[in-house]
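The sequence shown runs 3 to 553 under the numbering used here. All C-beta atoms, glycine included, are put in the ideal place defined by N, C-alpha and C. These numbers come from a predicted model, not from an experiment. One structure below.
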Amino acid sequence: TMSGEEEPRSYYVGVDVGTGSVRAALVDQRGVLLAFADQPIKKWEPQFNHHEQSSEDIWAACCVVTKKVVQGIDLNQIRGLGFDATCSLVVLDKQFRPLPVNHEGDSHRNVIMWLDHRAVSQVHRINETKHSVLQYVGGMMSVEMQAPKLLWLKENLRETCWDKAGHFFDLPDFLSWKATGVTARSLCSLVCKWTYSAEKGWDDSFWKMIGLEDFVADNYNKIGNQVLPPGTSLGSGLTPEAAKELGLRPGVPVAASLIDAHAGGLGVIGADVRGHGLICEGQPVTSRLAVICGTSSCHMGISKDPIFVPGVWGPYFSAMVPGFWLNEGGQSVTGKLIDHLVQGHPAFPELQAKATARCQSIYAYLNSHLDLIKKAEPVGFLTVDLHVWPDFHGNRSPLADLTLKGMVTGLKLSQDLDDLAILYLATVQAIAFGTRFIIEAMEAAGHSISTLFLCGGLSKNPLFVQMHADITGMSVVLSKEVESVLVGAAILGACASGDFTSVQEAMARMSKVGKVVFPRLEDKKYYDKKYQVFLKLVEHQKEYSAIMSGD
């Protein structure tokens, strides 16, 4: 029974629009996830490197999942709503109707997805300008950012799309507009993906230089001229129309949104770590690195003053935690690479059969198989003569070189389950060495990092977590709530509600430490040697291509 003293429960809804699905959660003021729902969304690939979605389809999915998680709850106790989403580009006309981003003229498909690589020639020309805004993206803009995609639309779909366009939204900002009718943008999207500066605003000379002077002429009306820090309450909250569609009451506060990886960072980086014996307990939050690891991985570090790290995006002011500068490193393929190497191995069918027979996931089975074959040595030592360079999809950080390829050295004629398990181990280690490589670049530029905070799908794999601890020599903190991205979105809703005085207070109250994994320092010498080999691999790869392109 409820005792009279207990505070009434406050609930917040977090909505996360990922690449393939929309997920929602109901979260209470202590950060506990009470209900969860997900719904797939459609994707189209009309031609190679063109990836599209529909904003109407995405919004409909948001409505389905939100209605599900608030079922049976007193709607008066739902105090705030937060959205996060992939940084995809949404195109609407002057009446806010969808416009086609494709040659087929299908206006239902009005979203260029984040992972779309159609704008290669455009980004190349943008980078050739060497404009000063590029120093905030590690010196090189990515083909996945918005400026090259906007230029592509102007050059390729002038009549059907560009000339009719009234609004270009980053997907997280589209969602908050749809919920509130407020077109204000979040600093997160505009600073990270659109070259906006939190202090100076838009840079007219950049847009003119790349051939998009159209935006300057109408005072940036189409891409946003009112910009707010994430978590800020928008307008008068939910409009009656949106409230009806979402199954909530009108007027519920809605927060300025975040990009999905940044919501994951927000969900873990501010956790209250007291009592876990962690070195970062007495250190500022800037000593923490949030690693959001799924299909690909993002490395989020914050600092009080701006730090420029070659090959690492940022510094972005207030793009994740208000008042702090964000640097964002990344690895293009991590979870996807592990799947690729494991599923492509001749012993994969045998692995699948054995894992199924034991009612285990293939990765749980591989982890226990490694324990079986390691004999007296620590498990990590099984890869003494097998080394992997993991850039099968180019390198995002810290080398920013899309031309790099993957490498494996130490292959034998046998290809049984033992070989598969050891290749899997070497791949996991390579990803962890990639994280160490990024951390060293950040520290050389002025960050000082002592502790890793992991979330995302791969953080559920104990081998992946232990290897990150052992190889970086740092403790790894795992959140109590696995769905850190949804907690991050709910934290935004909690900030908008006014129930917390700041994002920092909401983070400390709503993100909890689940488990701490310490590094096995006795294995350090072995991993330092492996890391030397790791760096040699890429050095050699560059030598090979120099030989091949020589006379």
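Are at least three pairs of beta-carbons, each pair with one atom in the region 189-205 and one in the region 317-332, less than 8 angstroms apart?
With a cut-off of 8 angstroms, the region 317-332 and the region 189-205 count as touching, because enough Cβ pairs lie within range.
Whether D403 touches G396 by CB criterion (8 angstroms):
Within the sequence shown, numbered from 1, the residue matching residue 403 stands at position 401. Within the sequence shown, numbered from 1, the residue matching residue 396 stands at position 394. For D403 and G396, yes; Cβs fall inside 8 angstroms.
Going by DSSP, what residues sit across from W391 in a beta bridge?
For the purposes of this step, residue 391 is taken as residue 389 along the sequence shown, with counting starting at 1. Beta-bridge partners of W391 (DSSP): M409.
Cβ pair G331, A292 closer than 8 angstroms
Position 329 of the sequence shown, counted from the first residue, corresponds to residue 331. Position 290 of the sequence shown, counted from the first residue, corresponds to residue 292. No, the pair does not count as a contact, with Cβ atoms beyond the cut-off.
Tell me, which residues are paired with F455 by DSSP?
Within the sequence shown, numbered from 1, the residue matching residue 455 stands at position 453. In DSSP, F455 forms a bridge with A292, V479.
Have a look at L260 and D418 and give me their C-alpha separation to the nearest angstrom.
Against the sequence shown, residue 260 aligns to sequence position 258. Against the sequence shown, residue 418 aligns to sequence position 416. One C-alpha to the other measures close to 45 angstroms.
Taking its Cβ as the centre, do 16 or more other Cβ atoms sit within 10 Å of K246, making it buried, or is it exposed?
Your numbering for residue 246 matches position 244 in the sequence shown. Exposed: under 16 other Cβ atoms inside 10 Å.
Could you tell me the alpha carbon to alpha carbon distance between W164 and M147, rounded to whole angstroms?
Locating residue 164 in the sequence shown gives position 162, where the first residue counts as 1. Locating residue 147 in the sequence shown gives position 145, where the first residue counts as 1. In a straight line, the C-alpha of W164 is about 18 angstroms away from that of M147.
Candidates L454, D530, V484, G490: which alpha carbon is nearest P232's?
Within the sequence shown, residue 232 is the residue found at index 230, counting from 1. Of the candidates L454, D530, V484, G490, the one whose C-alpha sits nearest the C-alpha of P232 is G490.
For M4, count neighbouring C-beta atoms within 10 Å of its own C-beta (all shown protein chains included) and say buried if the count is 16 or more, exposed if not.
In the sequence shown, counting from the first residue as 1, residue 4 sits at position 2. Residue confidence for M4 is low, a pLDDT of 46 falling below 50, so the modelled location carries little weight and cannot support an answer.
Return the residue from the list V390, V139, Q534, K202 that minimises the CA-CA distance to V314.
Locating residue 314 in the sequence shown gives position 312, counting from the first residue. Measuring from the Cα of V314, the nearest candidate turns out to be V139.
Could you tell me the alpha carbon to alpha carbon distance between R360 and L353, rounded to whole angstroms?
Looking up residue 360 in the sequence shown gives position 358. Looking up residue 353 in the sequence shown gives position 351. So the alpha carbons of these two residues sit roughly 11 angstroms apart.
Do F435 and A471 have their C-beta atoms within less than 8 angstroms of each other?
Along the sequence shown, read from residue 1 onward, the residue named residue 435 stands at position 433. Along the sequence shown, read from residue 1 onward, the residue named residue 471 stands at position 469. No; because the gap between Cβ atoms is not below 8 angstroms, this pair is not in contact.
Using only the alpha-carbon positions, how far apart do G239 and N223 sit?
Along the sequence shown, read from residue 1 onward, the residue named residue 239 stands at position 237. Along the sequence shown, read from residue 1 onward, the residue named residue 223 stands at position 221. C-alpha separation (whole angstroms): 22 angstroms.
Coil, strand or helix - M4 by DSSP:
For the purposes of this step, residue 4 is identified with residue 2 of the sequence shown, where counting begins at 1. No answer about M4 holds up, because its pLDDT of 46 lies below 50 and its placement is not dependable.
Given a threshold of 16 other Cβ atoms within 10 Å of its Cβ, counted over all protein chains shown, does S461 qualify as buried or as exposed?
Within the sequence shown, residue 461 is the residue found at index 459, counting from 1. By the 10 Å Cβ count, S461 comes out buried.
Measuring only the C-alpha atoms, how far is V125 from Q73?
Stepping through the sequence shown from its first residue, residue 125 is reached at position 123. Stepping through the sequence shown from its first residue, residue 73 is reached at position 71. V125 and Q73: Cα-Cα distance of roughly 46 angstroms.
For G6, I'd like the list of residues in its chain whose CB is within less than 6 angstroms of its CB, leaving aside the five on either flank, ordered along the chain.
To locate residue 6, count along the sequence shown from 1; it is residue 4. Note on G6: pLDDT 48, under 50, position unreliable in the model; no value is reported.
How long is the line joining the alpha carbons of L406 and V344, rounded to whole angstroms?
Here residue 406 refers to the residue found at position 404 of the sequence shown. Here residue 344 refers to the residue found at position 342 of the sequence shown. L406 and V344 have their C-alpha atoms some 21 angstroms from each other.
Note down, in chain order, each residue of its chain lying with its Cβ closer than 8 angstroms to the Cβ of F394, except the 5 sequence neighbours on either side.
Residue numbering aside, residue 394 sits at position 392 when the sequence shown is read from its first letter. Correct list, in chain order: V335, L339, H342, K407, G408.
Looking only at its own chain, which residues have a Cβ that is under 6 angstroms from the Cβ of K156, when we skip the five neighbours before and after it?
Within the sequence shown, the letter at position 154 stands for residue 156. Same-chain partners within the cutoff: W164.
Could you work out which residue in F350, D420, T474 is closest to I433 when comparing CA atoms only?
Taking the first residue of the sequence shown as 1, we reach residue 433 at position 431. Looking at the Cα atoms, T474 is the closest of the given residues.
For D108, report the span of its alpha helix (DSSP H) as first-last.
Working through the sequence shown from its first residue, we reach residue 108 at position 106. Where D108 is concerned, there is no enclosing alpha helix (DSSP H), because DSSP gives it neither an H nor an E.
Nearest to L539 by CA position, among D108, E54, S370, T411, is which residue?
Counted from its first residue, the sequence shown places residue 539 at position 537. Out of D108, E54, S370, T411, T411 has the C-alpha closest to the C-alpha of L539.
Where are the alpha helix (DSSP H) runs, 4 residues long or more, that stay fully inside the region 63-146, in chain order?
Listed in chain order, the alpha helix (DSSP H) runs fully inside the region 63-146 are 122-130, counting runs of at least 4 residues.
Check for me: the alpha helix (DSSP H) holding I375 runs from which residue to which?
In the sequence shown, counting from the first residue as 1, residue 375 sits at position 373. Here the alpha helix (DSSP H) through I375 covers 364-375.
Element boundaries [beta strand (DSSP E), containing H169]:
Walking along the sequence shown from the start, residue 169 turns up at place 167. It spans 167-172 - the beta strand (DSSP E) in which H169 sits, taken as one unbroken run.
Distance check for H169 and D220, CA to CA, integer angstroms please.
Mapped onto the sequence shown, residue 220 falls at position 218. Mapped onto the sequence shown, residue 169 falls at position 167. Cα to Cα, the separation comes out at about 12 angstroms.
Helix, strand or coil: which one does DSSP assign to V505?
Taking the sequence shown and counting its residues from 1, the one referred to as residue 505 is at position 503. In this structure, V505 counts as helix in the three-state DSSP scheme.
Flag this pair as yes or no: are the beta carbons of C282 and S452 separated by less than 8 angstroms?
The sequence position of residue 282 within the sequence shown is 280, counting from 1. The sequence position of residue 452 within the sequence shown is 450, counting from 1. Yes, these two residues count as a Cβ contact at 8 angstroms.
For N227, the three-state DSSP class (helix, strand or coil)
Position 225 of the sequence shown, counted from the first residue, corresponds to residue 227. Coil at N227, not helix or strand.
Are the CB atoms of L280 and V93 nearer to each other than 8 angstroms?
Locating residue 280 in the sequence shown gives position 278, where the first residue counts as 1. Locating residue 93 in the sequence shown gives position 91, where the first residue counts as 1. The answer is no: Cβ separation not under 8 angstroms.
Rounded to whole angstroms, what's the CA-CA distance from L488 to V29? Just pull it up for me.
Numbered from its first residue, the sequence shown carries residue 488 at position 486. Numbered from its first residue, the sequence shown carries residue 29 at position 27. If you take the alpha carbons of L488 and V29, they lie about 9 angstroms apart.
Could you check what DSSP says for G495 in three-state terms: helix, strand or coil?
Start at 1 with the first residue of the sequence shown, and residue 495 comes out as number 493. Note: G495 maps to helix in three-state DSSP.
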